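Data block below; observations after.
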Amino acid sequence: MKTKNKHKILRISLLVILIIAILVCYSYLAFTFYFGNKFYPGIKVNNISLQGKTKIQAKTLLNEEFKKRSNDSLQFTINDNEIVIDLSSSSPSLNIDQTLNQIFSKQQIQTAIFGQNFITTLKFDRPSSLISQISLINQSVKVKPVSAKITIANQEVIITPSLDGKELDDQKLLSQIKDYLNLQGIKPNDLPIKILKPKFSTENAQYYKTILEKIKENSIKLTYQKQTLIIDQITLLSLLDFKENSSTSLNSNIVGQNITFDNNIIDQKKLDAYLEDLSLAINQPVQNAKFTFDPASKRVSEFKPAEQGRELDVVQTKYLIEQALVSNSNSNITLPVKITEPNISTAQTNNFGITDLLGRGQSNFSGSIENRIYNIGLASSRINGSLIDPGATFSFNKTVGDISAHSGYKQAYVIKEGRTVLDDGGGVCQVSTTLFRAVLNSGLPVTKRTAHAYRVGYYEQGYPAGLDATVFSPSVDFQFKNDTGSYVLIQAHVYGTSLTIDLYGASDGRITTLTKPIISDQTPPPAELRQDDPTLPRGTVKQVDWSAWGANVSFKRTVIRNGEILLNETWKSAYKPWQAIYLVGTQ
13 MKTKNKHKIL
23 RISLLVILII
33 AILVCYSYLA
43 FTFYFGNKFY
53 PGIKVNNISL
63 QGKTKIQAKT
73 LLNEEFKKRS
83 NDSLQFTIND
93 NEIVIDLSSS
103 SPSLNIDQTL
113 NQIFSKQQIQ
123 TAIFGQNFIT
133 TLKFDRPSSL
143 ISQISLINQS
153 VKVKPVSAKI
163 TIANQEVIIT
173 PSLDGKELDD
183 QKLLSQIKDY
193 LNLQGIKPND
203 LPIKILKPKF
213 STENAQYYKT
223 ILEKIKENSI
233 KLTYQKQTLI
243 IDQITLLSLL
253 DFKENSSTSL
263 NSNIVGQNIT
273 FDNNIIDQKK
283 LDAYLEDLSL
293 AINQPVQNAK
303 FTFDPASKRV
313 SEFKPAEQGR
323 ELDVVQTKYL
333 IEQALVSNSN
343 SNITLPVKIT
353 EPNISTAQTN
363 NFGITDLLGR
373 GQSNFSGSIE
383 NRIYNIGLAS
393 SRINGSLIDP
403 GATFSFNKTV
413 GDISAHSGYK
423 QAYVIKEGRT
433 VLDDGGGVCQ
443 VSTTLFRAVL
453 NSGLPVTKRT
463 AHAYRVGYYE
473 QGYPAGLDAT
483 VFSPSVDFQF
493 KNDTGSYVLI
503 QAHVYGTSLT
513 IDLYGASDGR
523 ITTLTKPIIS
533 DQTPPPAELR
543 QDDPTLPRGT
553 VKQVDWSAWG
563 ANVSFKRTVI
573 RNGEILLNET
583 WKSAYKPWQA
593 IYLVGTQ
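Under the numbering used here, the sequence shown has 96 at position 84, and the numbering climbs by one with no breaks.
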């Protein structure tokens with residue numbers, strides 16, 4: 013009985029298998045018959061279904077859609093202006109025929125089961141047209157970012173906020189256009205925009221503002237001998253390294269109200285440049301003393317005082333400044349300077365006891381005519397190297413000698429008998445005036461000095477009124493006495509349009525104090541004066557004197573040595589008002 017059941021089940025199973033096989037064969041025959049010249053189910057091109065379509069139908073469908081898109085134009089609105097991209101101008105094309113032929117020849121039954129999407133290849137015959145149109149759009153869209161700015165006004169730190177910029181994401185737009193033309197994407201309606209961040213943001217600026225406000229309360233003072241420099245807010249602003257990072261990445265440590273910063277806030281190149289300028293005011297090469305005396309002329313033909321060599325230790329100075337910035341208190345830095353002593357001192361070079369600078373006088377003659385500058389140099393050379401014996405009186409006129417064309421002087425404008433005229437030696441008073449200032453500063457007694465009749469502009473270039481001395485041989489002289497007990501040497505040097513006269517000797521400890529000149533009883537200048545000048549071409553007008561107010565000027569000089577008052581004197585100058593004078597050519 014069991015055997016019969018088994019045979020029965022077997023027969024039924026075989027029958028079912030036979031029926032299924034017949035159905036499968038029938039279905040396959042029906043499928044291949046129906047899709048014999050058509051695309052199988054699951055076949056897509058650029059995500060467009062071609063199921064049941066013939067190649068002609070598929071080609072027509074794809075070509076129509078591509079034609080519609082390739083002849084299309086894209087409209088965008090920028091700043092209320094409409095901009096159009098003409099897609100047809102780039103001559104796009106798709107390899108539709110080639111793609112359909114490849115699909116049709118290789119389509120298999122499994123494609124109908126699993127499906128497959130094929131992508132055509134897009135090509136532009138004139139790609140430059142599309143690129144140029146996109147570039148023009150970018151020019152209309154692009155806005156450069158604006159970095160934040162920090163300024164200081166009345167010690168207040170002011171931040172001008174940064175502004176984001178923007179530009180067209182041209183690669184994204186190009187990709188969108190390609191997808192649209194390749195029947196894969198929708199039509200672009202909005203321009204893809206990239207936001208451009210400024211290099212220095214408002215957040216960055218806030219960080220540096222905190223630093224600058226900190227230095228406001230804790231400035232850094234740099235000192236060397238009598239020189240002092242302050243690193244204040246404005247100076248620090250010029251040295252900061254404005255990093256492009258976000259403020260959170262900048263090295264800061266905030267604990268309550270206390271903020272500390274590391275030395276990365278300083279731009280090392282800017283600090284190097286700052287210290288280079290500082291070095292120029294400090295550094296000097298070591299100089300051995302030189303002293304050459306000519307017994308025949310009784311003059312010193314060559315003199316150079318010994319000078320220490322100085323060099324700012326830049327590395328140590330940088331370290332001290334950076335450490336001061338990270339501290340929370342005022343910092344007074346004594347600049348580290350390397351000193352090199354000369355091998356030959358001033359005292360070793362001479363037997364006259366000349367070792368020290370007693371006093372210096374300076375003046376400026378900017379704006380002088382060529383002949384006047386020449387005369388200043390010549391007169392300076394005549395007193396340069398003069399040795400004054402202990403107890404002797406120095407006479408300017410006697411030392412300079414004859415002032416005329418015969419002794420080498422040229423004509424320049426002078427005041428003579430109330431008129432401004434060309435005469436030999438114009439400008440010599442610049443030298444006597446500068447020597448007067450050197451004598452005043454050295455504490456030596458002046459025995460003869462005459463002020464100019466009126467205030468001369470040359471003598472007030474950077475200096476107050478009342479510090480001048482005129483000469484006019486033989487009656488008007490400038491004289492002073494050497495009461496130091498040692499020889500005194502005069503050194504005169506012209507640098508550009510500046511004259512410096514130094515007095516060297518042996519210091520006896522005297523200290524000189526000059527008060528600031530007081531100007532009083534000022535009177536206005538008279539009307540201008542025009543004088544005929546036969547040396548100038550007719551019609552030429554040349555100003556040779558400038559108006560000057562009349563005034564009385566006085567200052568005091570006190571000279572003290574070891575508590576003893578050597579000199580306590582008041583110098584007075586009475587200047588009359590002076591008119592502007594013009595020379596009118598009559599040649």
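Cβ atoms here follow ideal geometry from the backbone N, Cα and C, with glycine treated the same way.
All values derive from a computational prediction rather than experimental measurement.
Same chain only: Cβ atoms within 6 Å of residue i, ignoring 5 sequence neighbours per side
| i | result |
| --- | --- |
| residue 260 | With a pLDDT of 41 at residue 260, under the threshold of 50, the modelled position of that residue is not reliable, and no figure is offered here. |
| residue 56 | 129 |
| residue 370 | 454, 515 and 517 |
Given residue i as reference, the closest of the options once Cα atoms are compared
| i | options | result |
| --- | --- | --- |
| residue 353 | 486, 448, 298 and 457 | 298 |
| residue 239 | 62, 204, 291 and 199 | 291 |
| residue 515 | 19, 86 and 503 | 503 |
| residue 151 | 325, 91, 482 and 335 | 91 |
| residue 403 | 501, 118, 508 and 497 | 497 |
| residue 86 | 567, 146, 451 and 111 | 146 |
| residue 127 | 135, 462, 115 and 137 | 115 |
| residue 316 | 476, 234 and 358 | 358 |
| residue 141 | 180, 97, 88 and 60 | 97 |
| residue 520 | 365, 484 and 534 | 365 |
| residue 254 | 566, 23, 277 and 21 | 277 |
| residue 81 | 175, 190 and 221 | 190 |
| residue 171 | 199, 138, 215 and 323 | 215 |
| residue 401 | 448, 489 and 311 | 311 |
Classification of residue i by the beta-carbon crowding that lies within 10 angstroms, buried from 16 upward
| i | result |
| --- | --- |
| residue 307 | exposed |
| residue 528 | exposed |
| residue 582 | exposed |
| residue 163 | exposed |
| residue 544 | exposed |
| residue 507 | exposed |
| residue 414 | exposed |
| residue 58 | buried |
| residue 373 | buried |
| residue 606 | What is shown of the chain runs 13 to 599, which leaves residue 606 out entirely. |
| residue 266 | Because residue 266 sits at a pLDDT of 37, beneath the cut-off of 50, its placement in the model cannot be relied upon, and the following sentence gives the value as read from the coordinates. Residue 266 is exposed by the Cβ-count criterion. |
| residue 293 | exposed |
| residue 593 | buried |
| residue 397 | buried |
| residue 62 | buried |
| residue 217 | buried |
| residue 160 | buried |
| residue 379 | exposed |
Three-way DSSP call (helix, strand, coil) for residue i in this model
| i | result |
| --- | --- |
| residue 367 | coil |
| residue 310 | coil |
| residue 19 | helix |
| residue 165 | strand |
| residue 214 | helix |
| residue 519 | coil |
| residue 467 | coil |
| residue 409 | helix |
| residue 507 | strand |
| residue 442 | helix |
| residue 458 | strand |
| residue 566 | strand |
| residue 62 | coil |
| residue 260 | Summary for residue 260: the model assigns pLDDT 41, below 50, so the residue's position carries little reliability; its value from the coordinates is reported in the next sentence. Reduced to three states, the DSSP call for residue 260 is helix. |
Cβ-based neighbour list, residue i, same chain, cut-off 8 Å, excluding 5 preceding and 5 following
| i | result |
| --- | --- |
| residue 362 | 303 and 305 |
| residue 436 | 415, 416, 417, 421, 422 and 423 |
| residue 394 | 411, 412 and 413 |
| residue 32 | none |
Contacting residues, own chain, Cβ-Cβ under 7 Å from residue i (five flanking each side not counted)
| i | result |
| --- | --- |
| residue 457 | 492, 493, 495 and 579 |
| residue 49 | 66 |
| residue 181 | 204, 205 and 206 |
| residue 474 | 376 |
| residue 313 | 304, 306 and 397 |
Proximity of residue i and residue j at Cβ, strictly below 7 Å
| i | j | result |
| --- | --- | --- |
| residue 596 | residue 556 | no |
| residue 599 | residue 548 | yes |
| residue 8 | residue 287 | Residue coverage of the chain in this structure runs from 13 to 599, which leaves residue 8 outside it and unanswerable. |
| residue 336 | residue 383 | no |
| residue 135 | residue 105 | yes |
| residue 518 | residue 367 | yes |
| residue 509 | residue 377 | yes |
| residue 513 | residue 450 | yes |
Contact with chain D by residue i, beta-carbon distance below 7 Å
| i | result |
| --- | --- |
| residue 101 | No chain D appears in this structure, which consists of one protein chain only. |
Proximity test, residue i beta-carbon vs the ligand GDP heavy atom, cut-off 6 Å
| i | result |
| --- | --- |
| residue 129 | The ligand GDP is not part of the structure shown, which contains no ligands of any sort. |
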